[in-house]
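Numbering (our numbering) for the sequence shown: -13 to 423.
Take a look at the structure below.
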Amino acid sequence: MTAACNSFSTDRHGWAELLPERQFTPALNNDQRVPWTVVGAGLTGLACARRLAELHPEHNILLLDARCVGQAASGRNSGFVVATSQFPGAVAADQVDNYRRINRINLAGLELLGTQVAENNIDCQWRRDGFHHVAAGTTALKEYQHFLNYLEVLEVEHQPLDKRAMHESLGTRLYQAGTHIGDGALVQPAALVYGLADSLPANVSLHEQSPVLEVGQGSPVKLRLATATVTTDKVILAMNFESASLGFLNSYMVGSTLAGSFTRKLEQQELESLGSLTEWGAISLHSGGATLRLTADHRISIRNTAEYHGSVLLTDHELAKRQSIHRAAFNKRFPQLAEVPFEFGWSGVEGISRNGTNFFGRQRTNVYLAGGYNGSGVSRGTAFGTAIADYASGETSQTVSDCLASAPGAWMPPRPLLDIAAFIRVRSRFKDVGLDR
Ligand SMILES: Cc1cc2nc3c(=O)[nH]c(=O)nc-3n(C[C@H](O)[C@H](O)[C@H](O)COP(=O)(O)OP(=O)(O)OC[C@H]3O[C@@H](n4cnc5c(N)ncnc54)[C@H](O)[C@@H]3O)c2cc1C
């Protein structure tokens, strides 16, 4: 099923395809004069608009998205709401404060989302009892040792598991070791963003299928859309890697295209062939390893491809090809389910930087930006989105300080060299991935 909303790359595949159709909000087609505009209604923009509405109850907050909510990374991710990030390599003593800073941001986002889900009764399979970090091959097993050290240094509660315990929990004999961290949540990502969009405060006006085509210079800021002009005192760009299309951070962020597949719903005896847990998530300790979930509605999802693909989604034909890679990885883990077909495949584009940093702050007078979380933006994007609303409003908080302390982005050359640099950057995550893919 493919239903393009507009010229921005989109389709109906993935987690959104598992949900009932949502009533989208109308596109903006008349001029507006507003104090605040947020561009992008992913997790960053939704959190930002919500917080602005709370800080400025007397103001109307305009929230614009080029696509329909749920069609960008925020509705297409694997649904891991991370509290404790993985960092590759041995624990670096001079980075411990930085690890703590990033985990404080993650935790702030996790708490915010948990509260918003509960207060608005968002039906999104939210489950906050952590997930597994797993290793099968030599490189991932080395990372496992580093990860255990890191958890000890940071005093993060966790439960190390050997091969037998992993098999008993997850139903696969592939993993040689792993650990379960009790904090962090699993969620149906499209249901989450639908719920967040549909429960925005009354002083937020959301318009979908409303791409901003140009951000003017000067004050107030003028935003040009195809059928309207918005004049706004302040604008917050929450567009992830697509901020480049409006001339912001174009040498610092690109999109990496990931793809995954879901099985059909497993039958009772198929579920019984798995481990003792009825719902779980497993993140590889190798950066190129597969991400897996057994979802609340009894599907297994597997995501194990990432590529530089011009920052757009895969076509149906390309996706079908990637599914053979998903299939091989699935059968290696669950030979007992080799006959279970995939029902859906999906792709999604995440924003990455060369040095893995995130972006936060003022870009120019009255123009602010938050984004680019390198595959870990569910909790972090929520925290960044909330904090950028605070920052643009002149508020201070621990999370604002933590976001401001993000390392500066590493420069990338312009196209066509950018394409080569991005290709190499994404490819490098699979180095020595071996069994973990
Ligand atoms: C397959 C996949 C798996 C992932 N798994 C995880 C995971 O398990 N856990 C995790 O923490 N992170 C994960 N991520 C990363 C995470 O999804 C992102 O970091 C996060 O969703 C980014 O949120 P965002 O709101 O900043 O950006 P987006 O979700 O990309 O939202 C940006 C919005 O801006 C809009 N936009 C762009 N240009 C314009 C314009 N000109 N005018 C108006 N609107 C515009 C877009 O349409 C979009 O809706 C994954 C990503 C992918 C792709």
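Glycine is no exception: its CB is placed at the ideal position from the N, C-alpha and C atoms.
None of the values given here were measured: they were computed from a predicted structure.
Boundaries (first-last residue) of the beta strand (DSSP E) holding residue i
{"i": "His118", "result": "117 to 121"}
{"i": "Lys220", "result": "215 to 223"}
{"i": "Arg19", "result": "18 to 25"}
{"i": "Phe248", "result": "240 to 249"}
{"i": "Leu164", "result": "A small fix is needed here, since residue 164 is Gly in this sequence, not Leu. Segment 163 to 167, the beta strand (DSSP E) holding Gly164."}
{"i": "Leu481", "result": "The question about residue 481 has no answer here: the residues shown for the chain are numbered -13 through 423."}
beta-carbon residue i near ligand 1 non-hydrogen atom, thresh 7 Å
{"i": "Leu178", "result": "no"}
{"i": "Val24", "result": "no"}
{"i": "Gly334", "result": "yes"}
{"i": "Arg8", "result": "no"}
{"i": "Gly202", "result": "no"}
{"i": "Gly65", "result": "yes"}
{"i": "Tyr359", "result": "yes"}
{"i": "Gly233", "result": "no"}
{"i": "Ala224", "result": "yes"}
{"i": "Val198", "result": "yes"}
{"i": "Thr213", "result": "no"}
{"i": "Phe345", "result": "no"}
{"i": "Val207", "result": "no"}
{"i": "Val68", "result": "yes"}
{"i": "Phe(-6)", "result": "yes"}
{"i": "Ala375", "result": "no"}
{"i": "Glu258", "result": "no"}
{"i": "Asp51", "result": "yes"}
{"i": "Ala35", "result": "no"}
{"i": "Val103", "result": "no"}
{"i": "Arg423", "result": "no"}
{"i": "Thr30", "result": "yes"}
{"i": "Val353", "result": "no"}
{"i": "Ala58", "result": "yes"}
Contacting residues, own chain, Cβ-Cβ under 6 Å from residue i (five flanking each side not counted)
{"i": "Arg8", "result": "Tyr180"}
{"i": "Arg308", "result": "Ala245, Thr291"}
{"i": "His153", "result": "Arg159"}
{"i": "Met398", "result": "Ser237, Arg340, Leu404, Ala407"}
{"i": "Leu182", "result": "Leu32"}
{"i": "Leu280", "result": "Glu265, Trp266, Ile286"}
{"i": "Thr(-12)", "result": "For Thr(-12), the pLDDT reaches just 29, beneath the cut-off of 50, and the residue's location in the model is therefore unreliable, although a value from the coordinates is still provided. The residues are Asp(-3)."}
{"i": "Asn(-8)", "result": "Confidence in Asn(-8) is poor, its pLDDT being 40 and thus under 50, which makes the residue's placement unreliable; the coordinate value appears in the next sentence. Correct list, in chain order: Gln195."}
{"i": "Ala282", "result": "Gln111, Glu265"}
{"i": "Leu252", "result": "His284"}
{"i": "Ala373", "result": "Thr385, Val386, Cys389"}
{"i": "His(-1)", "result": "Trp332"}
{"i": "Gly342", "result": "Asn360"}
{"i": "Gly334", "result": "Ala59, Arg62, Leu244"}
{"i": "Ser185", "result": "Asn106"}
{"i": "Ala76", "result": "His132"}
{"i": "Val353", "result": "Val221"}
{"i": "Met239", "result": "Phe227, Gly337, Ser339, Gly358"}
Bounding residues of the alpha helix (DSSP H) (the contiguous stretch that carries residue i)
{"i": "Glu293", "result": "Premise fails: Glu293 lies in the beta strand (DSSP E), 286 to 293, not in any alpha helix (DSSP H)."}
{"i": "Lys149", "result": "149 to 156"}
{"i": "Ile88", "result": "82 to 105"}
{"i": "Leu41", "result": "29 to 41"}
{"i": "Ala59", "result": "59 to 62"}
{"i": "Glu129", "result": "124 to 139"}
Residues of its chain near residue i, where Cβ-Cβ distance is below 7 Å and the 5 sequence neighbours each way are ignored
{"i": "Ala(-10)", "result": "At Ala(-10), the pLDDT of 33 sits below 50, so the modelled position is not reliable; the number obtained from the coordinates is stated separately. Same-chain partners within the cutoff: Thr(-4)."}
{"i": "Phe234", "result": "Leu223, Gln349, Leu355"}
{"i": "Ile88", "result": "Ser71"}
{"i": "Thr213", "result": "Asn15"}
{"i": "Gly116", "result": "His166, Ile167, Gly168, Asp169, Gly170"}
Beta-carbon proximity list for residue i, same chain, < 8 Å, skipping 5 on both sides
{"i": "His312", "result": "Ala245, Gly246, Ser247, Ile288, Arg289, Asn290, Thr291, Phe328, Gly331"}
**OP:** Take every Cβ of the segment 33 to 48, pair it with every Cβ of the segment 179 to 198, and state whether three or more of those distances are shorter than 8 Å.
**Re:** yes
Subject >> At least 3 beta-carbon pairs within less than 8 Å: the segment 125 to 138 vs the segment 24 to 34 >> reply: no
Original post:
At what residue ranges does the segment 254 to 325 contain a whole run of the alpha helix (DSSP H), taking only runs of 4 or more?
Top reply: 254 to 258, 302 to 319
**OP:** Please confirm if the segment 151 to 158 is in contact with the segment 254 to 262, defined as three or more CB-CB distances below 8 Å between the two stretches.
**Re:** yes
**OP:** Can you check the segment 320 to 406 for any alpha helix (DSSP H) of at least 4 residues that lies completely inside it and give the ranges in chain order?
**Re:** Runs found: 364 to 378, 384 to 390.
Original post:
Does the segment 139 to 146 come close enough to the segment 159 to 174 that 3 or more CB-CB pairs lie under 8 Å?
Top reply: yes
Original post:
What are the complete alpha helix (DSSP H) segments, minimum 4 residues, inside the segment 173 to 211?
Top reply: 175 to 184
**OP:** Take every Cβ of the segment 383 to 397, pair it with every Cβ of the segment 263 to 280, and state whether three or more of those distances are shorter than 8 Å.
**Re:** no
Subject >> Segment contact flag, the segment 85 to 102 with the segment 57 to 74, C-beta cutoff 8 Å, min 3 pairs >> reply: yes
**OP:** Answer yes if the segment 358 to 366 comes into contact with the segment 92 to 107, meaning at least three C-beta pairs across the two stretches below 8 Å, and no otherwise.
**Re:** yes
**OP:** Please confirm if the segment 169 to 178 is in contact with the segment 47 to 65, defined as three or more CB-CB distances below 8 Å between the two stretches.
**Re:** yes
Original post:
Would you say the segment 18 to 29 touches the segment 44 to 51, given that touching needs at least three Cβ pairs under 8 Å?
Top reply: yes
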